[in-house]
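Each remark here refers to the structure printed beneath this line.
Numbering (my numbering), first residue to last: 1 to 289.
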């Protein structure tokens, strides 16, 4: 009863704040309004997504195909609450290492994996929580009585990662399809979650009256050429973000600004795009016109 009353009073007095619950017992209706029998929180931490995602990303990409469900399962319960996707201080303290340190591979692959993680996170339904230092790839875990490793921004790879997070934030705010229906099933549509062998997933984010955004993630360091993905409409699909762009520290592999859709049915849709998927890369594409 206290939590319900607390949320009613806080939202009544300060409608522009957020009350966020961290809860791991699967207690129901945490983010439903109190007048519908809920606890009245605005958002709830999506702990399962965080655990599954970090476990998946910490694996050598050669083994990811055996754990493909870790990266797709969270969509099965994505709308049971109003979720926030938390990469919080809890994951980068007490010997757990930094986000950068959790990533497998050499230094280049660690950065590529981290850019891919953030690209996947920003495309996934739910609000985003990223703890300070993660956005530029701090090497060591967070220490509460020391400053962040700002000197890392003297290196181009760290600046590139920071630019990637900046551009993800800008796109997320600018494109209604990425945020407008975060808590509605209508805002998300799988294109393909079954390409286990190549560890590639693709999905559409949709708004009420805005063009869809296609998100494609390649979770292996193997580039894919002519990789066909079904889309709902023809015309030119512009590559609005590519985590492998050189300005982010990537190898510069991509689709030269965009791709024309072919009238080739694929994935149950009337058109398809023959895409170049960069290694450990994430693409965002948007139809023009």
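Note that the Cβ used here is the ideal one computed from N, Cα and C, for glycine as well.
Throw me the rounded Cβ distance for the residue i and residue j pair, which I believe falls under 8 Å.
| i | j | result |
| --- | --- | --- |
| residue 30 | residue 91 | Contact flag wrong, Cβ pair sits at about 21 Å. |
| residue 156 | residue 249 | 7 Å |
| residue 239 | residue 254 | 6 Å |
| residue 295 | residue 49 | Because the chain in this structure spans residues 1 to 289, residue 295 falls outside the shown range and cannot be described. |
DSSP three-state call for residue i: helix, strand or coil?
| i | result |
| --- | --- |
| residue 195 | strand |
| residue 110 | helix |
| residue 200 | strand |
| residue 96 | coil |
| residue 286 | strand |
| residue 230 | strand |
| residue 33 | coil |
| residue 266 | strand |
| residue 3 | helix |
| residue 61 | helix |
| residue 163 | helix |
| residue 272 | strand |
| residue 253 | coil |
How about residue i: is its Cβ closer than 8 Å to a heavy atom in the ligand MG?
| i | result |
| --- | --- |
| residue 220 | Only the bare structure without any ligand can be found here, which leaves the ligand MG out of the picture. |
Let me check one thing: in DSSP terms, what residues is residue i bridge-paired to?
| i | result |
| --- | --- |
| residue 258 | 238 |
| residue 189 | 204 |
| residue 21 | 44 |
| residue 281 | 218 |
| residue 83 | 44 |
| residue 224 | 277 |
If we ignore side chains and look at the alpha-carbon of each, how far apart do residue i and residue j end up?
| i | j | result |
| --- | --- | --- |
| residue 153 | residue 138 | 9 Å |
| residue 164 | residue 36 | 40 Å |
| residue 263 | residue 211 | 19 Å |
| residue 170 | residue 252 | 21 Å |
| residue 89 | residue 142 | 7 Å |
| residue 270 | residue 168 | 29 Å |
| residue 54 | residue 208 | 32 Å |
| residue 272 | residue 259 | 10 Å |
| residue 116 | residue 109 | 10 Å |
| residue 41 | residue 100 | 32 Å |
| residue 222 | residue 125 | 27 Å |
| residue 102 | residue 16 | 35 Å |
For the structure I just gave you, are there three or more beta carbon pairs, one from the region 277-285 and one from the region 210-227, closer than 8 Å? yes
Is the number of C-beta pairs between the region 190-200 and the region 55-65 that are closer than 8 Å three or more? yes
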